[in-house]
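Start counting the sequence shown at 3; every next residue gets the next number (this note's numbering). From the three backbone atoms N, C-alpha and C, an ideal C-beta is built for every residue, glycine too. Just so we're clear, the structure is a prediction, and the values are computed from it rather than from any experiment. Let me begin by presenting the structure, written as structure tokens, before commenting on it.
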Amino acid sequence: MAAHPTRVRVWDRFVRVFHWSLVASFATAYFVTEHIGLVHKGAGYLALSLVAARCVWGFIAPGPHARFAGFVPTPGRLRTYLGQLIRGREPRHLGHNPAGAVMILYLLAAVVVIGVTGHLLTTDAFWGSELVETLHVTTVDVTVIAVIVHVAANLYESIRHRENMFKAMVTGEKNAPPKADDGSAAERAWP
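See the structure below:
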């Protein structure tokens, strides 16, 4: 019998609960419009609250993979990773890879734009504003496309690196990286 690879905790409970709660609130707001009723608004406000909590957690989280400083790439790191990805030689990352990190930042920002514009449409000042409504709807449409790309990228990474990314976002665990020659973990060593 083959030994199971060692598992390592990557995403803490807060990040996992946030992730799936945001998925549920976004999907609810998207599919349950009820002529923009209470469920739609409630889901939107929940999504905004979740993003606010995640932003705070991004600075105070105890684990490196939850903190923004631990996964937000520099432009150079992103450029290098995208070049490797195009050549089919992107390394495995224990946490978010640079492209995934940029997607996370986009999704967080998009939810804020969607939530704020949605709220503005309920105020006297912006009720019926075509500009605000267009910004709201367009951001939703672009975000749905981004979510599809996000899911497809996770499916690709699951196959490419033999790591069930969807399961990892439920359990918080991934396979530990192999040991380097000096015995330390080699996080980006998997081709």
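**Asked** Would the stretch 64-81 and the stretch 129-146 be scored as touching if the rule is three or more Cβ pairs under 8 Å?
**Response** no
**Prompt:** How do the stretch 105-119 and the stretch 43-55 stand: do at least 3 beta-carbon pairs fall below 8 Å, yes or no?
**Reply:** yes
**Prompt:** According to the neighbour-count rule (16 or more other Cβ atoms, all chains shown, within 10 Å of its Cβ), is K176 buried or exposed?
**Reply:** The sequence position of residue 176 within the sequence shown is 174, counting from 1. Classification for K176: buried.
**Request:** Could you check if G120 is buried or exposed, using at least 16 other CB atoms within 10 Å of its CB as the buried criterion?
**Result:** On the sequence shown, position 118 is the one that residue 120 refers to. When all chains shown are included, G120 counts as buried.
**Asked** Who does N166 pair with in a DSSP beta bridge?
**Response** Working through the sequence shown from its first residue, we reach residue 166 at position 164. Here N166 is not bridged, per DSSP, to any residue.
**Asked** Taking Cβ to Cβ, would you say G174 is nearer than 7 Å to W22?
**Response** Residue mapping note: residue 174 aligns to position 172 of the sequence shown, counting from 1. Residue mapping note: residue 22 aligns to position 20 of the sequence shown, counting from 1. Cβ atoms of G174 and W22: not closer than 7 Å.
**Message:** Beta-carbon within less than 6 Å of T82's beta-carbon, same chain only, minus the 5 sequence neighbours each way: which residues are those?
**Reply:** For the purposes of this step, residue 82 is taken as residue 80 along the sequence shown, with counting starting at 1. If we look at T82 and ignore the five residues flanking it on each side, it has no Cβ neighbours.
**Message:** Just to confirm the assignment, what range does the alpha helix (DSSP H) spanning V12 have?
**Reply:** In the sequence shown, residue 12 corresponds to position 10, counting from 1. That residue, V12, is in no alpha helix (DSSP H); it is neither H nor E in DSSP.
**Asked** How would you call L96, buried or exposed, if buried means at least 16 neighbouring beta carbons within 10 angstroms?
**Response** Translated into positions along the sequence shown, residue 96 becomes position 94. Per the 10 Å Cβ criterion, buried.
**Item:** Cutoff 6 Å; reference L122; Cβ partners in own chain excluding five residues on either side
**Value:** The residue given as residue 122 occupies position 120 in the sequence shown. F128, V134.
**Message:** For T8, count the other beta carbons within 10 Å of its own beta carbon; 16 or more makes it buried, fewer makes it exposed. Which is it?
**Reply:** Working through the sequence shown from its first residue, we reach residue 8 at position 6. Label assigned to T8: exposed.
**Asked** Which residues in the same chain have their Cβ closer than 6 Å to the Cβ of S186, if we skip the five residues on either side of it in sequence?
**Response** What you label residue 186 is simply residue 184 of the sequence shown in a count that begins at 1. Residue placement at S186 is flagged as unreliable, the pLDDT there being 43, under the threshold of 50; a coordinate-derived value is accordingly withheld.
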